[in-house]
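Undergrad: One structure is given below, represented as structure tokens, and several questions about it will come after.
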Amino acid sequence: MDVGTVGRRVRVAVTLVLAAAVFYGTLWGDDDDFPVGPFRMYSTSRELNEPVGDTQMYAVNADGEEFQFTESLSGMRRAELEGQLDKFEADPDRLAYLAESYHDRYPQNPPIDRIRIVIEWIEIHDGVPTGKSSLEEVVSWQR
Amino acid sequence: MAEVTSNAEPTTETGPPRGLSDRSMRWLFSAVPLGRVAAFRTLAYLFIVWDVLVYSEAARLKSTVPTELYVPLNIGQILPFPEPTTLVVHVCFWGLLILSPIAATGVFPRLLGWPIFLLYFEWMLIFNSYGKVDHDRFAFLVALALLPTIGRARHGDKTMSEKAGWAFRVIQLAVIATYFLAAWAKLRFGGLEWLWGTSLTWAILRRGTEWSDWMLDHVWLIKTSQVGIITFELMSPIIFFVKDRFRPYIVGYFYLFHLITWLAITISFAPHLIAMTTFLHLERVRPLHWAKVGFDRVRGRQRRPVEPVTESAG
């Protein structure tokens with residue numbers, strides 16, 4: 024066949040190293056260990072009365088118009104905003120980079136003067152949404 | 051070049067297996083036809099085109115996002131991967147967009163395969179280094195890393211190859227690890243409470259569709275679905291222990307699971323779905339060959355001389 028003794032040993036070693044890395048990631052690693060981090064999609068548990076947060080970002084341009092600062096406008100996905108939320112809260116000036124990104128992508132549009140990140144908290148009772156929700160502004164930046 | 055290989059049995063050694071070690075080695079290197087490699091190669095490299103244009107568009111958007119917002123993963127800090135400047139994002143984007151369709155034809159499997167793997171890996175570091183890591187690409191990354199090790203493979207080639215067999219087996223293991231270890235991660239991060247919590251409610255409220263919003267009023271259905279998901283993930287390795295003829299049905303069930311997930315919370319796991327085709331007899335799917343045969347048949351019919359018509363002198 025087409026795999027010699029050395030080739031076979033190398034392939035077995037590669038298999039074992041890869042398996043060990045993935046098991047390590049699953050047992051002790053975290054997302055930072057990509058590509059062998061734990062497969063933790065939707066892995067955290069949620070209480071039956073725990074509100075569900077939906078993070079949104081809004082921007083105000085130089086003309087005073089406010090609009091939702093979506094992924095295609097800002098360059099950041101919702102989950103990325105949530106992943107860096109503590110950094111934005113610690114240093115709101117980091118939001119200026121998103122205004123810069125927008126201006127690079129849409130130089131013909133009025134520049135952005137203000138950005139705010141809000142979380143819409145959707146109320147849950149015994150696992151069922153009550154239909155009520157509230158908005159919490161978590162961080163904002165003004166030019 | 052693909053070395054000459056056996057044309058008959060999918061196992062490599064002759065005679066009955068001797069012990070567990072021998073049995074494991076035969077399983078790990080169980081040969082597959084090179085035609086399957088060619089088909090998978092075409093599929094995987096063509097997928098990259100759609101991936102960089104549509105599916106992982108968020109990485110392309112980073113071309114204008116200042117690198118101050120880049121939070122490198124551990125591997126990005128250990129190995130000398132560049133920061134995703136505008137130039138780096140464009141090099142990855144255009145490199146993948148140009149090289150992948152060429153590689154999909156099967157030419158220069160190593161010369162194109164390795165750069166594509168590196169470009170795609172960097173593309174993934176860009177995609178995952180801004181605060182969110184996706185978990186749907188492990189098996190696909192393994193596939194891109196191993197495809198170049200197989201070498202040349204022609205469509206329709208029935209030659210059996212152990213090199214290909216090993217690569218396909220490892221890709222399959224990566225596919226199943228994604229399921230099985232996901233259950234493990236749920237128990238590690240969420241605990242047993244994950245089963246009777248509202249993780250799925252959370253997902254539907256954030257990403258739900260008209261196909262799933264109605265589930266929100268039925269907590270018992272949410273909890274049953276969560277138990278079903280973990281059960282499915284823990285049982286997924288069963289695919290390696292069933293007879294060949296049952297395997298496509300199990301793979302079909304896996305695809306059905308992802309179809310339902312996509313309808314419910316718009317998460318498709320597309321790269322994973324591509325890697326999962328390594329469980330199937332892909333070599334039997336030959337659209338270009340069928341088109342050629344069909345075309346030849348039509349042309350042959352047109353060229354056939356018209357039979358002389360003899361008129362009866364009635």
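So the protein sequences, as listed, match chains Z and C. Residues in the first sequence are numbered consecutively from 24, following our numbering. Residues in the second sequence are numbered consecutively from 51, following our numbering. Even glycine gets a Cβ: it sits at the ideal position worked out from N, Cα and C. Remember, it's a predicted structure, so these values are computed and weren't measured experimentally.
Report the CB separation of residue 166 of chain C from residue 142 of chain C in whole angstroms; it is logged as a contact under 8 angstroms.
TA: One-based indexing of the second sequence puts residue 166 of chain C at position 116. One-based indexing of the second sequence puts residue 142 of chain C at position 92. That belief does not hold up - the Cβ atoms of residue 166 of chain C and residue 142 of chain C are roughly 10 angstroms apart, past 8 angstroms.
Undergrad: Is the CB of residue 40 of chain Z under 9 angstroms away from at least one CB in chain C?
TA: Mapped onto the first sequence, residue 40 of chain Z falls at position 17. No, its Cβ sits nowhere closer than 9 angstroms to a Cβ of chain C.
Undergrad: Quick one: does residue 53 of chain C have its CB under 9 angstroms from some CB of chain Z?
TA: Taking the second sequence and counting its residues from 1, one reaches residue 53 of chain C at position 3. Low confidence applies here, because residue 53 of chain C scores a pLDDT of 42, under 50, leaving its location unreliable and the question unanswered by this model.
Undergrad: Can you pull the chain C residues whose beta carbon is under 9 angstroms from the beta carbon of residue 70 of chain Z, in chain order?
TA: Numbered from its first residue, the first sequence carries residue 70 of chain Z at position 47. Ordered by position in chain C, the residues that pass the 9 angstroms Cβ test against residue 70 of chain Z are 243, 247, 248.
Undergrad: Is the separation between the beta-carbon of residue 101 of chain C and that of residue 64 of chain Z shorter than 9 angstroms?
TA: Residue mapping note: residue 101 of chain C aligns to position 51 of the second sequence, counting from 1. Residue mapping note: residue 64 of chain Z aligns to position 41 of the first sequence, counting from 1. No, Cβ-Cβ distance for residue 101 of chain C and residue 64 of chain Z is not below 9 angstroms.
Undergrad: Once the 5 residues before and after residue 149 of chain C are set aside, which same chain residues still bring their CB inside 6 angstroms of it?
TA: Translated into the one-based positions of the second sequence, residue 149 of chain C becomes position 99. The residues are 162, 166.
Undergrad: Can you find the residues in the same chain that come closer than 8 angstroms, C-beta to C-beta, to residue 52 of chain Z, ignoring five residues on each side of it along the sequence?
TA: Working through the first sequence from its first residue, we reach residue 52 of chain Z at position 29. Hits under 8 angstroms: 59, 60, 61.
Undergrad: Checking the sheet assignment: what are the DSSP bridge partners for residue 137 of chain Z?
TA: Locating residue 137 of chain Z in the first sequence gives position 114, where the first residue counts as 1. Paired residue(s): Z:83, Z:165.
Undergrad: Give the single residue among Z:78, Z:123, Z:142, Z:105 whose Cα lies nearest to the Cα of residue 133 of chain Z.
TA: For the purposes of this step, residue 133 of chain Z is taken as the residue at position 110 of the first sequence. Among Z:78, Z:123, Z:142, Z:105, the Cα nearest to that of residue 133 of chain Z is on Z:123.
Undergrad: Grab the span of the beta strand (DSSP E) containing residue 89 of chain Z for me, first residue to last.
TA: As a first step, residue 89 of chain Z must be located in the first sequence, where it is residue number 66. Here the beta strand (DSSP E) through residue 89 of chain Z covers 89-91.
Undergrad: Tell me the DSSP secondary structure of residue 261 of chain C in three-state form.
TA: To locate residue 261 of chain C, count along the second sequence from 1; it is residue 211. If DSSP states are grouped into helix, strand and coil, residue 261 of chain C belongs with coil.
Undergrad: Of all the options Z:141, Z:50, Z:66, which has the alpha carbon lying nearest to the alpha carbon of residue 78 of chain Z?
TA: By 1-based counting over the first sequence, the position of residue 78 of chain Z is 55. The shortest C-alpha separation from residue 78 of chain Z is found at Z:141.
Undergrad: Can you look up residue 83 of chain C in the DSSP assignment and give me helix, strand or coil?
TA: As a first step, residue 83 of chain C must be located in the second sequence, where it is residue number 33. It is a strand residue.
Undergrad: Compute the distance between the beta-carbons of residue 269 of chain C and residue 224 of chain C, then report whether it is under 9 angstroms.
TA: Translated into the one-based positions of the second sequence, residue 269 of chain C becomes position 219. Translated into the one-based positions of the second sequence, residue 224 of chain C becomes position 174. Contact: no.
Undergrad: Which residue comes first and which comes last in the alpha helix (DSSP H) that contains residue 105 of chain Z?
TA: In the first sequence, residue 105 of chain Z corresponds to position 82, counting from 1. Residue 105 of chain Z -> alpha helix (DSSP H) spans 101-106.
Undergrad: With C-beta atoms as the reference, is residue 222 of chain C less than 9 angstroms away from residue 290 of chain C?
TA: Residue 222 of chain C sits at position 172 when you count from the first residue of the second sequence. Residue 290 of chain C sits at position 240 when you count from the first residue of the second sequence. Yes.
Undergrad: Does chain Z have any CB closer than 9 angstroms to the CB of residue 212 of chain C?
TA: Numbered from 1 along the second sequence, position 162 holds the residue referred to as residue 212 of chain C. Cβ-Cβ to chain Z under 9 angstroms: yes for residue 212 of chain C.
Undergrad: Where does residue 155 of chain Z fall in DSSP's three states?
TA: Sequence index remark: in the first sequence, residue 155 of chain Z carries index 132 (1-based). Looking at residue 155 of chain Z - three-state DSSP - the assignment turns out to be strand.
Undergrad: Quick one: Cα of residue 276 of chain C to Cα of residue 264 of chain C, how far?
TA: Reading the second sequence from its first residue, position 226 is the one you call residue 276 of chain C. Reading the second sequence from its first residue, position 214 is the one you call residue 264 of chain C. The alpha-carbon atoms of residue 276 of chain C and residue 264 of chain C are separated by roughly 16 angstroms.
Undergrad: Would you call residue 361 of chain C buried or exposed, if buried means 16 or more other Cβ atoms sit within 10 Å of its Cβ?
TA: Looking up residue 361 of chain C in the second sequence gives position 311. Its pLDDT being 47, under 50, residue 361 of chain C is placed unreliably in this model, and the value from its coordinates should be taken loosely. By the neighbour-count rule (16 or more Cβ atoms within 10 Å), residue 361 of chain C is not buried but exposed.
Undergrad: Among C:169, C:194, C:114, C:152, which one has its Cα closest to the Cα of residue 130 of chain Z?
TA: As a first step, residue 130 of chain Z is located in the first sequence; it is residue number 107 there, counting from the start. Comparing Cα-Cα distances from residue 130 of chain Z to each of C:169, C:194, C:114, C:152, the minimum goes to C:114.
Undergrad: Could you list which residues in chain C have their beta carbon closer than 8 angstroms to that of residue 107 of chain Z, in chain order?
TA: Numbered from 1 along the first sequence, position 84 holds the residue referred to as residue 107 of chain Z. Those are 119, 121, 180, 181, listed as they occur along chain C.
Undergrad: Examine chain C for any beta-carbon lying closer than 9 angstroms to the beta-carbon of residue 145 of chain Z, and answer yes or no.
TA: For the purposes of this step, residue 145 of chain Z is identified with residue 122 of the first sequence, where counting begins at 1. Residue 145 of chain Z counts as touching chain C.
Undergrad: Distance, Cα to Cα, residue 313 of chain C vs residue 210 of chain C?
TA: Translated into positions along the second sequence, residue 313 of chain C becomes position 263. Translated into positions along the second sequence, residue 210 of chain C becomes position 160. Cα to Cα, residue 313 of chain C sits roughly 39 angstroms from residue 210 of chain C.
Undergrad: Please state the DSSP three-state secondary structure of residue 211 of chain C.
TA: Translated into the one-based positions of the second sequence, residue 211 of chain C becomes position 161. Three-state result, residue 211 of chain C: strand.
Undergrad: If you draw a straight line from the C-alpha of residue 296 of chain C to the C-alpha of residue 104 of chain C, how long is it?
TA: In the second sequence, the residue the question calls residue 296 of chain C occupies position 246. In the second sequence, the residue the question calls residue 104 of chain C occupies position 54. Each residue's alpha carbon lies about 34 angstroms from the other.
Undergrad: Please name the residue in C:95, C:118, C:206, C:201 whose C-alpha comes closest to that of residue 340 of chain C.
TA: Position 290 of the second sequence, counted from the first residue, corresponds to residue 340 of chain C. Checking every option, the nearest Cα to that of residue 340 of chain C belongs to C:206.
Undergrad: Name, please, each residue of chain C whose Cβ falls closer than 8 angstroms to the Cβ of residue 120 of chain Z.
TA: The residue labelled residue 120 of chain Z in the question sits at position 97 within the first sequence. Ordered by position in chain C, the residues that pass the 8 angstroms Cβ test against residue 120 of chain Z are 115, 116, 118, 119.
Undergrad: Please compile the residues from chain C whose C-beta is within a distance smaller than 7 angstroms of the C-beta of residue 62 of chain Z.
TA: Position 39 of the first sequence holds residue 62 of chain Z. By Cβ distance, chain C contributes 185, 228, 231, 232, 235.
Undergrad: Report buried or exposed for residue 189 of chain C, applying the criterion of at least 16 other Cβ atoms within 10 angstroms of its Cβ.
TA: In the second sequence, the residue the question calls residue 189 of chain C occupies position 139. Counting Cβ neighbours within 10 Å, residue 189 of chain C comes out buried, since at least 16 surround it.
Undergrad: Got a sec? Which residues, its chain only, sit under 7 angstroms from residue 298 of chain C by beta carbon, not counting five neighbours each side?
TA: What you label residue 298 of chain C is simply residue 248 of the second sequence in a count that begins at 1. For residue 298 of chain C, where only same-chain residues beyond five positions count, the Cβ hits under 7 angstroms are 330.
Undergrad: I'd like to know whether the C-beta atoms of residue 333 of chain C and residue 181 of chain C end up nearer to each other than 9 angstroms.
TA: Counted from its first residue, the second sequence places residue 333 of chain C at position 283. Counted from its first residue, the second sequence places residue 181 of chain C at position 131. No. Outside cutoff.
Undergrad: Determine, for residue 251 of chain C, whether the minimum Cβ-Cβ distance to residues of chain Z falls below 9 angstroms.
TA: Taking the second sequence and counting its residues from 1, one reaches residue 251 of chain C at position 201. Chain Z contact via Cβ: present.
Undergrad: Who are the Cβ neighbours of residue 286 of chain C in its own chain at under 6 angstroms, not counting the five residues just before and after it?
TA: Stepping through the second sequence from its first residue, residue 286 of chain C is reached at position 236. 226, 229, 230.
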